[in-house]
Amino acid sequence: MLDAVAQLAGRVLADAPGVRILATSREPLSITGEVLCPVPSLTLPAEAADAQEAGSSSAVRLFVDRAAAVRPGFGLDAASTGPVVRICRALDGIPLAIELAAARLRALTPAQVADRLDDRFRLLSVGSRDAMPRHQTLRAIVDWSWELLGDRERAVLRRLSVFAGGATPGSAESVCALGADPADIVDVIASLVDKSLVTATGEHEVRYRLLETVRAYAAERLAEAQEAGAATEAHTRYFLDLAERAEPELRGRDQLLWLNRLGAEHDNCSAALGHAIAQGDVRTALRFIGALTWFWITRDYESEAGEWATAVRQLAGDTPPEGLQDAYAICELVYLMSRLRPGLPDPASMDEVMARIMPLISSSSHPMLALVGPIAAVITDQPEDARRAIAELGRRPDPWLRAAALLFSGHLAIHDGRIDEAAANLAAGYAAFEEVGDCWGLIVSLGGQAEVALARGRPAEAVELLERSRQLTASGLAGNFGEMISIPLGRARALAGDIEGGLADLKHGVTFAERLGEHDDEAQGYVEMSEVARRDGDLALARSLLDRALEVIEPLRLRPDMRGVAATAYSKAGCL
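If you count the sequence shown from 1, position 449 lands on 433 in my numbering, and the numbers rise without skipping.
In C-alpha cells form, the structure reads like this:
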C-alpha cells in the first residue's frame, strides 16, 4: 500500500495546504514535506537496576502488567527484578515481544523465561488468538517484515547478523558484499533503516545495529543461505586487520583515536577472536592476542586478556608458529601472569614466568616485550638487574621505549629514596611521552611526580598533579584509571589536611577496585584509610582496616603486583 498511500497523501496536501496527515508505517512515505518521528522501543532499565529503578522503566511496567494478568499478584521483588530486567533488555523493549514473554509466566518463572531466551522464537510462540496472525508469535512478527524485503535487502540483513557490536559503513561494505559491489551496501542498508530493521546511530561516525531479536532471526537466515562460514570469515579478517593496524598507533600521537576505535569494536574483536579459537585457527588467534594485548592493558581489561590468552595458549601448545614468535611470546606472558595466584589448579610462580618467557623475548624488538625485563626486575626487588635492564631500554632507537626507560628510572629512584634523581627522571619522562603523544605515559609519569611531591612534604602539590592525571583519564584512555587514581589522590588530600575529602576519595577508589577485581588497589586503599585513622588516634579502626587489607592480600600474596602493598600492610600491622 505504500505507493498508493504516498500518492493519495501527496494529492491531498497539494490541493488542501491546511491539511496535516499523521501516517504510521514501518518506513517513510518519502514525499515532499514529510517529517519523520521514529517511534522507539520502550525505555529499558539499567542492567543492575533494583526493583524501584526497574519499575520506572516502561518496558518493565508493561511486563509486570501483563504478567499480573496471567499470574495474579505478580510484582517486582528481590528475586524477580533481575530476571525481568534481563528479559526486557534481551527483547530490546519491543512491546509485543515483552507481552509474549510475560504470557509465559503461566508455566515458567521469570528466571526460567530469561534463561530460555537464547531460543526466543521457540519460547515466544503463543500469543493472543484474536490478534492478526503476524502478531501472534515473535517469529511471525519478523517473518512478515522479512517477506516484504527484496533479495538484496535480505542478503545484506542476514550478513549484518555476524556483527556483535554494530557495523560502520566501512566494515559493513567489507563484510556484507561477499563478491558483490561494496559500493551498493550502504544504499541497501539505508533502505533497511527506512524499514526499521536496522538502526543508524552516532554523530561523528554512523554505526548500524540490529535489535537482538532481528539479529537472531537474520543469523538463522544466514545459516539457511549457507553463508555463515563466508560472512564470519570476512568479519574475522576485517577486525584482525583493524587490530593490527591499531596496535603500533596505541603508543603514539593518535593513541586516543585508536583506543576509542578499538573500544567501539570491542565486541566485534572478541567475536572474531572467539571464532578463530572455535575454528582451531591458531595463527589468527595468536595474531589477535599480539594486536589486542596493549589495548586490553591500557583499557584495564587484564582479566579478559588472561582468559583469551589461556584459551589461545591451549590451542597453540609449546612451540611458536613460524613467523609469530612475538605474538606467541605476548600470549605466553599474559597467560603466565594470569596464573600468578595461589589457589588455582596450576598456579605459576614469578620464577617460572621469567624462566619461560625470557628465552622467547631475548631477540624480540616488540616494545611491549622490551618492557618485561625491567618490570620483572623492579617488582621482584632486584635493583641492580633493574638498573641494567633500564639502561639497555634507554639505548633503544624507539623514542617510546626511551621515554619508558626514564619513567622506570624515576620510579626506581623513588623506591631507593633518591628523590631529586626521581624528580629529574620523571620530569624528563613526562616530556618524552608528551613528545611521542602517549597519554598513558603522561598519566603514569604524573603519578610518579605526585609520589615525589609527597616525599618532599608537599601534599597540596601531589593533589594538583593527581587531579591533572585524572583529567587525562577522562579523555578516553580508560575510565578505570580515573577511578583507581582516587586512592593515591585520597591519600594526598588527607595529608594536605582535607580529611573528609581524602576519605571520600579513598572509599570511592576501594569500592571500584573491589568491583573491578583490582585487588592490589583495593588493599592499598584500606592501608591508606588505616593510616588516616591512625593519625586521628583511632587505633581500633586503624587495625580493623589493616585486617581488611590483609584479607584481600593473603590469597594473592605471591602475585608480583601485591608485593609492595603486602610488605607495607604487614609492617604496619606489626606496629598496631
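For each residue, glycine too, the CB sits at the ideal point set by N, CA and C.
Kindly indicate which residue of the options has the alpha-carbon position closest to the one of residue i.
i	options	result
residue 397	514, 370 and 379	370
residue 195	176, 208 and 300	176
residue 173	186, 188, 189 and 193	193
residue 46	85, 8, 33 and 22	85
residue 78	405, 499, 180 and 404	180
residue 60	191, 41 and 76	41
residue 217	344, 372, 257 and 248	257
residue 472	482, 508 and 502	508
residue 17	4, 515 and 11	4
residue -14	301, 178 and 402	178
residue 417	442, 386 and 447	386
residue 64	33, 75, 83 and 299	33
residue 502	546, 483 and 520	546
residue 208	138, 249 and 254	138
residue 372	68, 171, -4 and 357	357
residue 71	467, 92 and 57	92
residue 220	234, 156, 168 and 166	156
residue 336	364, 259 and 309	364
residue 233	254, 384 and 83	384
residue 249	235, 133, 204 and 191	191
residue 443	415, 406 and 481	481
Would you grab the beta carbon distance between residue i and residue j for me? Rounded to a whole angstrom, and I think it's under 8 Å.
i	j	result
residue 226	residue 283	With a Cβ gap of about 16 Å, residue 226 and residue 283 do not count as contacting.
residue 487	residue 478	7 Å
residue 73	residue 28	5 Å
residue 409	residue 430	Contact doesn't hold; Cβ gap of about 14 Å is too wide.
residue 606	residue 510	Because the chain here runs from -15 to 560, residue 606 falls outside it and cannot be looked at.
residue 273	residue 311	6 Å
residue 403	residue 360	No, residue 403 and residue 360 are not in contact; Cβ-Cβ is about 25 Å, not under 8 Å.
residue 122	residue 197	7 Å
residue 413	residue 252	Wrong, their Cβ atoms sit about 35 Å apart, outside the cutoff.
residue 305	residue 266	6 Å
residue 466	residue 454	5 Å
residue 37	residue 43	Rounded, the Cβ-Cβ distance is 13 Å, inconsistent with contact.
residue 296	residue 324	No, residue 296 and residue 324 are not in contact; Cβ-Cβ is about 18 Å, not under 8 Å.
Looking only at its chain, what residues have a beta carbon closer than 7 Å to the beta carbon of residue i, apart from the 5 residues adjacent to it on each side?
i	result
residue 215	143, 146, 159, 162 and 206
residue 231	275 and 278
residue 294	319 and 322
residue 456	423, 426 and 427
residue 15	-10, -7 and -6
residue 355	388
residue 288	280
residue 314	273, 274, 277, 352 and 353
residue 247	283
residue 189	152
Among the residues of its own chain, which have a CB less than 6 Å from the CB of residue i, if the five just before and after it don't count?
i	result
residue 55	89
residue 199	145
residue 35	60 and 65
residue 514	526, 529 and 530
residue 58	51 and 52
Rounded to a whole number of angstroms, what is the C-alpha to C-alpha distance between residue i and residue j?
i	j	result
residue 292	residue 268	13 Å
residue 489	residue 470	5 Å
residue 222	residue 261	16 Å
residue 494	residue 537	14 Å
residue 377	residue 95	55 Å
residue 307	residue 435	42 Å
residue 201	residue 448	54 Å
residue 562	residue 433	Since the first residue shown for the chain is -15 and the last is 560, residue 562 is missing from the structure and cannot be characterised.
residue 534	residue 475	19 Å
residue 339	residue 348	16 Å
residue 68	residue 25	16 Å
residue 154	residue 445	47 Å
residue 76	residue 525	48 Å
residue 228	residue 484	47 Å
residue 343	residue 152	41 Å
residue 512	residue 540	19 Å
residue 309	residue 555	42 Å
residue 169	residue 101	31 Å
Using C-beta distances below 8 Å, list every residue in its chain close to residue i, excluding the 5 sequence neighbours before and after it, in chain order.
i	result
residue 375	389
residue 264	299
residue 362	370, 392, 395, 396 and 399
residue 7	-11, -7 and 13
residue 458	466
residue 549	504, 507, 508, 511, 533 and 537
Is the beta carbon of residue i within less than 8 Å of some heavy atom of the ligand SAH?
i	result
residue 474	With respect to small molecules bound, the structure shown includes none, and the ligand SAH cannot be examined in it.
Can we say the region 415 to 425 touches the region 234 to 253, given the rule of at least three CB pairs closer than 8 Å?
yes
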